[in-house]
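Here the structure is laid out as structure tokens; the discussion comes afterwards.
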Amino acid sequence: EAKMQDIAKLAGVVPSVLYDHFGSKRELHIAVLELHAEQLRERSLRRVEGATAEELVRASIANYFEFVEADPFMWRFLHRDPPADPQTAAVVQEIADRGTAAIADLIRFGAGDTKSVRGITLDDSAWILARATQSACHGVATWWYENRSVPRERVVELVSMLLWQGFDGMLKQASR
Numbered sequence: 008e009a010k011m012q013d014i015a016k017l018a019g020v021v022p023s024v025l026y027d028h029f030g031s032k033r034e035l036h037i038a039v040l041e042l043h044a045e046q047l048r049e050r051s052l053r054r055v056e057g058a059t060a061e062e063l064v065r066a067s068i069a070n071y072f073e074f075v076e077a078d079p080f081m082w083r084f085l086h087r088d089p090p091a092d093p094q095t096a097a098v099v100q101e102i103a104d105r106g107t108a109a110i111a112d113l114i115r116f117g118a119g120d121t122k123s124v125r126g127i128t129l130d131d132s133a134w135i136l137a138r139a140t141q142s143a144c145h146g147v148a149t150w151w152y153e154n155r156s157v158p159r160e161r162v163v164e165l166v167s168m169l170l171w172q173g174f175d176g177m178l179k180q181a182s183r
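Structure, rendered in structure tokens:
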């Protein structure tokens, strides 16, 4: 376990500088988690005007798996190895919930004028599909973390096909 002195040394500052900004190692830890989670949301869940719903799905999935590949330690910490500290664990859960909300917003955006899906309001459908999307991507990323012989591009292709075909089918049924 790293000490604040070790962290300060790696950062090229004296420990007092860290304590000026963070009252404890837990606060520093939480700030790092929040920063990485926000970067992931910004990168993978942005609305792109003029993009088709399919392009949005594919871009989001591709960006998520680029994050997993580029920063496997942070992905593992956010999604695979829950922190033992209850306060930090609560922050990790809040981060996951904000991710779900961002995915639901993107689904609503991609759904356009759709009002309901199979008799379920668009809002409720967006939350259900956001959680399913999050679970699917998390499950595949967990597998891929242990099976890196499969290229990221192939993983993205399969997950995109799975999710897009599901979304597309629902959107087509909703428009009937």
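In this text, residue positions in the sequence shown follow the numbering used here: the first is 8, and each later residue adds one. Cβ atoms here follow ideal geometry from the backbone N, Cα and C, with glycine treated the same way.
- [ ] Can you grab the Cα-Cα spacing for the pair Arg125 / Asp175, in whole Å?
- [x] Numbered from 1 along the sequence shown, position 118 holds the residue referred to as residue 125. Numbered from 1 along the sequence shown, position 168 holds the residue referred to as residue 175. Arg125 and Asp175: Cα-Cα distance of roughly 13 Å.
Open item on the list: Suppose contacts are defined by Cβ-Cβ distances below 8 Å. Is Glu73 in contact with Trp171 by that definition?
Closed with: Position 66 of the sequence shown, counted from the start, is the residue given in the question as residue 73. Position 164 of the sequence shown, counted from the start, is the residue given in the question as residue 171. No, Cβ-Cβ distance for Glu73 and Trp171 is not below 8 Å.
Task: Gln180 versus Ala118, Gln100, Val39, Gln46, residue with shortest Cα-Cα distance - done: On the sequence shown, position 173 is the one that residue 180 refers to. For Gln180, the nearest C-alpha among the options comes from Ala118.
Task: Three-state class that DSSP yields for Thr107 in the structure shown - done: Locating residue 107 in the sequence shown gives position 100, where the first residue counts as 1. Helix.
Open item on the list: Can you look up Thr121 in the DSSP assignment and give me helix, strand or coil?
Closed with: Working through the sequence shown from its first residue, we reach residue 121 at position 114. In this structure, Thr121 counts as coil in the three-state DSSP scheme.
- [ ] Could you check what DSSP says for Thr140 in three-state terms: helix, strand or coil?
- [x] As a position in the sequence shown, residue 140 is number 133, starting the count at 1. Assignment of Thr140 by DSSP, reduced to helix, strand and coil, places it in the helix class.
- [ ] Can you grab the Cα-Cα spacing for the pair Trp134 / Asp13, in whole Å?
- [x] On the sequence shown, residue 134 is found 127 positions in, with the first residue counted as 1. On the sequence shown, residue 13 is found 6 positions in, with the first residue counted as 1. Each residue's Cα considered, the two are about 42 Å apart.
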